[in-house]
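Position one of the sequence shown corresponds to residue 1 (the UniProt record's numbering), numbered consecutively onward.
We treat Cβ as the ideally placed atom computed from N, Cα and C, and that holds for glycine.
It should be emphasised that the depicted structure is a prediction, and the values quoted were computed from it without experimental measurement.
Before any comments, here is the structure.
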Amino acid sequence: MRSRAVQFTVFTFSLSNAYLLPSNHFRGKLLAGRRMLSRVADVASSYQDADVSPSPSEGPYEKSDQVTSPTDLERLIEPCDPGMQRMVRSIFESIDEISYGVRRMTCNAVSCFYDLGGNQFAIDDLAVEVFYEKLRNTGVCEVASSMGAKVQTPLGGTGYSVAFNALDGSSIHDTNFAIGTVCGVWKGGNLYNVTGREIECAVMALYGPRTTIAISIKGTAFTHEFLLDEDAPPLSLQRWRKSATYASMQEGTLAAPGSIRSSAFVPGYKKLIDEWISKGYSMRYTGSMTADVHQIMKKGFGVFCHVTCPEHPAILHMLHEGIPAAYLVEKAGGASSQGEYSVLDVKVESPEQRSQIAVGTKMEIARFETLVGPAPEYGAPSRLRS
C-alpha cells in the first residue's frame with residue numbers, strides 16, 4: 001500500500017498503516033458521542049399518527065417498496081451464502097459509522113477532520129480504517145484494496161475480496177456537497193485480472209440530507225435502496241429500511257458531464273454536450289461520482305460520463321469506482337460503457353487501472369459510444385489532432 005504521511009493537528013501517522021489504528025477506541029468514542037446526543041424518537045413519536053403511512057414518492061421503482069420493515073435487508077441477503085451475508089452486514093455497518101463521522105466533521109482549506117477526544121483525524125483516513133477493521137472482523141475477507149493503494153491488503157479471512165473507495169468526492173468535502181462510499185465484492189483472494197462480470201455485490205452510499213445505500217447482489221434482480229434510520233439501535237441492520245427498488249430506466253433530459261475540459265480536445269464530446277444543451281437537458285454534475293450516479297438511478301433517466309484524453313487523463317478507478325457503479329446502473333435497467341463496450345467487460349489488471357466511463361439509459365450510452373468512442377491509449381496523440 002502506498003505510504004503517504006498525513007499531518008494532523010496532534011500527530012502524524014502513515015496511511016499505509018491506517019487500518020492498524022485502534023478502531024475499538026474510535027468506535028467507543030463514536031458510540032459515546034451517540035449516547036451523548038439523546039435520541040428524539042420518543043419525542044417525535046408523540047407528534048406522529050400511527051395510522052398515517054408515508055405517501056409514496058415518484059420514481060422508477062415500485063411504490064410498495066417505500067420505507068417499510070426493518071427486516072427488509074435481512075430478507076434481501078437471506079438467499080446469499082453466510083459469507084456474503086457477513087460481507088454485506090460489515091459494509092452497511094461501516095457506512096453507518098462513516099455517516100456519523102461525516103456529519104460531524106470540520107473542514108479547513110486543506111482537509112476535513114473528525115474530533116475524537118481532543119485529537120483530530122482526517123475523515124477520509126478514518127473512513128478507510130473503519131472499512132478495514134469491519135472487513136477483517138468478518139473472517140471471510142481474504143484481501144481488500146482501498147482506492148489509492150497500489151497493492152491489496154491481506155485481512156486473514158477466506159472467501160471474498162473487496163475493493164472500496166471509503167469516501168468519494170474528496171475534492172468537495174469542504175463544500176458540504178453530498179459525498180459517498182462505493183465498493184465491490186468479488187469471490188476469492190485476488191483482485192487482479194478481474195472483470196465486472198465476476199462481481200458478486202456492489203454497494204454505493206450517499207451522505208446527503210439523508211444517508212442511503214444502493215445495493216446490487218449477483219443472483220438477485222434489480223438494484224435496491226435502503227435508508228438509514230438513525231433512531232433505530234446503533235450499528236444494527238434494523239437501522240436500514242428499504243426505500244426503493246430501481247428496476248427500469250427511461251429516456252429523459254438529464255446529464256452529468258464530468259471533465260468538461262476534455263471537450264476542447266475530443267470533438268465528439270463537444271458535439272455531445274452541444275446536443276444536450278440544444279435539447280434542453282438539465283446539466284447536473286457535482287464532482288462526486290456517487291451523487292452524480294445516484295441521481296441517474298433515482299430519477300430513472302439521464303447519463304453520467306467522465307471523458308478522458310491525453311491532456312486530461314482518466315481519474316476514475318475501475319476496480320473501486322467504475323465497475324461497482326456500472327453494475328448498479330445495469331442492474332437498475334440502464335447501461336454502461338468505456339466508449340466501446342460495457343464497463344463490466346473491462347479486465348482490471350491492477351488496482352491503479354483507470355478509464356473513462358459513461359453510465360445511464362441505453363439510448364444515452366449508445367449515443368456516447370457513437371459520438372465519443374473509446375479513449376486513446378496513454379501516450380497516443382490527442383483526438384483533436386488525430
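- Item | 8 Å Cβ cutoff met for T153 and I98 | For the purposes of this step, residue 153 is identified with residue 153 of the sequence shown, where counting begins at 1. For the purposes of this step, residue 98 is identified with residue 98 of the sequence shown, where counting begins at 1. Contact: no.
- Query: Looking only at DSSP bridge pairs, what is S242 linked to?
  - Reply: Locating residue 242 in the sequence shown gives position 242, where the first residue counts as 1. As written in the sequence, residue 242 is Lys, which differs from the Ser given in the question. According to DSSP, K242 bridges with F226.
- Message: Give me, in chain order, the residues of the same chain whose beta-carbon lies closer than 8 Å to that of S355; leave out the 5 immediate sequence neighbours on both sides.
- Response: Taking the first residue of the sequence shown as position 1, residue 355 is located at position 355. Within the same chain, S355 has close Cβ partners T308, A314, L316, M318, G322, Q338, V343, V346, A375.
- In whole angstroms, what is the alpha-carbon distance linking D231 and P267? Position 231 of the sequence shown holds residue 231. Position 267 of the sequence shown holds residue 267. Distance between the alpha carbons of D231 and P267 is about 51 Å.
- Query: Taking Cβ to Cβ, would you say M297 is nearer than 8 Å to L328?
  - Reply: In the sequence shown, residue 297 corresponds to position 297, counting from 1. In the sequence shown, residue 328 corresponds to position 328, counting from 1. Closer than 8 Å, so yes.
- Query: Candidates V372, T361, P324: which alpha carbon is nearest M147's?
  - Reply: Numbered from its first residue, the sequence shown carries residue 147 at position 147. Cα-wise, what sits closest to M147 is P324.
- Query: For the 8 Å Cβ check, are there 3 or more pairs between the stretch 284-300 and the stretch 166-186?
  - Reply: yes
- Query: Could you give the distance in angstroms between the alpha-carbon of V359 and the alpha-carbon of F304?
  - Reply: Numbered from its first residue, the sequence shown carries residue 359 at position 359. Numbered from its first residue, the sequence shown carries residue 304 at position 304. Going by the C-alpha atoms only, they are around 5 Å apart.
- Taking all protein chains shown into account, decide if Q295 is buried (16 or more other Cβ within 10 angstroms of its Cβ) or exposed. Translated into the one-based positions of the sequence shown, residue 295 becomes position 295. With 16 or more Cβ atoms within 10 Å of its Cβ, Q295 is classed as buried.
- Task: Tell me whether S336 is buried or exposed, calling it buried when 16 or more other Cβ atoms sit within 10 Å of its Cβ.
- Result: Counting from 1 along the sequence shown, the entry for residue 336 is found at position 336. Buried, by the Cβ-count rule.
- Message: If we require 3 or more residues per run, which beta strand (DSSP E) segments fall completely within the stretch 171-223?
- Response: 179-187, 199-207, 211-217
- Task: With DSSP collapsed to three states, give me the class of S262.
- Result: Start at 1 with the first residue of the sequence shown, and residue 262 comes out as number 262. Residue state, collapsed to three classes: helix.
- Message: Given a cut-off of 8 Å on the beta-carbon distance, is the pair T158 and M87 in contact?
- Response: In the sequence shown, counting from the first residue as 1, residue 158 sits at position 158. In the sequence shown, counting from the first residue as 1, residue 87 sits at position 87. Taking 8 Å as the Cβ cut-off, T158 and M87 do not qualify as a contacting pair.
- Apart from the five residues on each side of it in sequence, which residues of its chain come closer than 7 Å, Cβ to Cβ, to Y281? In the sequence shown, the residue the question calls residue 281 occupies position 281. Closer than 7 Å at Cβ, skipping near neighbours: T253, L254, A255.
- Kindly give me the distance between the Cβ atoms of D72 and R241, rounded to whole angstroms, as I take these residues to be in contact under 8 Å. Reading the sequence shown from its first residue, position 72 is the one you call residue 72. Reading the sequence shown from its first residue, position 241 is the one you call residue 241. D72 to R241, Cβ: 6 Å. Contact.
- Could you check which residue in T195, I123, G189 has the C-alpha nearest to that of N165? Translated into the one-based positions of the sequence shown, residue 165 becomes position 165. The option with the nearest alpha carbon to N165 is I123.
- Query: For S55, which residues from the same chain have a beta carbon less than 6 Å from its beta carbon, with the 5 sequence-adjacent residues on both sides left out?
  - Reply: As a first step, residue 55 must be located in the sequence shown, where it is residue number 55. Reliability fails at S55, whose pLDDT of 34 lies under 50, so the model's placement of it is uncertain and the value that follows must be treated cautiously. Cβ neighbours of S55 beyond the five flanking positions: none.
- Query: Which runs of the alpha helix (DSSP H), 4 residues or longer, sit entirely within the stretch 266-331?
  - Reply: 267-278, 289-299, 323-331
- With respect to the alpha helix (DSSP H) encompassing Y100, which residues constitute its N-terminal and C-terminal limits? By 1-based counting over the sequence shown, the position of residue 100 is 100. Where Y100 is concerned, the enclosing alpha helix (DSSP H) stretches over 82-102.
- Message: Alpha carbons only, please: which of V151, Y160, F131 is nearest the one belonging to S94?
- Response: For the purposes of this step, residue 94 is identified with residue 94 of the sequence shown, where counting begins at 1. Minimum Cα distance to S94 is reached at F131.
- Item | Three-state class that DSSP yields for D124 in the structure shown | The residue labelled residue 124 in the question sits at position 124 within the sequence shown. It is helical.
- With a Cβ-Cβ cutoff of 8 Å, do S90 and K134 count as a contact? The sequence position of residue 90 within the sequence shown is 90, counting from 1. The sequence position of residue 134 within the sequence shown is 134, counting from 1. Against a cut-off of 8 Å, the Cβ pair of K134 and S90 comes out as a contact.
- Would you grab the beta carbon distance between M249 and G334 for me? Rounded to a whole angstrom, and I think it's under 8 Å. Walking along the sequence shown from the start, residue 249 turns up at place 249. Walking along the sequence shown from the start, residue 334 turns up at place 334. Right, their Cβ atoms sit about 4 Å apart.
- Query: Since L167 is in the alpha helix (DSSP H), which residue starts that stretch and which ends it?
  - Reply: For the purposes of this step, residue 167 is taken as the residue at position 167 of the sequence shown. Where L167 is concerned, there is no enclosing alpha helix (DSSP H), although the beta strand (DSSP E) it sits in stretches over 160-168.
- Decide if G302 is buried, meaning its Cβ has at least 16 other Cβ atoms within 10 Å, or exposed. Reading the sequence shown from its first residue, position 302 is the one you call residue 302. Classification for G302: buried.
- Message: I need the DSSP call for A255, collapsed to helix, strand or coil.
- Response: As a working mapping, residue 255 is identified with position 255 in the sequence shown. Reduced to three states, the DSSP call for A255 is strand.
- Query: To the nearest whole angstrom, what separates the beta carbons of L227 and T212, a pair I think is in contact under 8 Å?
  - Reply: Residue mapping note: residue 227 aligns to position 227 of the sequence shown, counting from 1. Residue mapping note: residue 212 aligns to position 212 of the sequence shown, counting from 1. Going by Cβ atoms, the distance from L227 to T212 rounds to 5 Å, so yes, they are a contact pair.
- Query: DSSP three-state call for T106: helix, strand or coil?
  - Reply: Start at 1 with the first residue of the sequence shown, and residue 106 comes out as number 106. Strand at T106.
- Message: I need the DSSP call for G333, collapsed to helix, strand or coil.
- Response: For this step, residue 333 is matched to residue 333 along the sequence shown. In this structure, G333 counts as coil in the three-state DSSP scheme.
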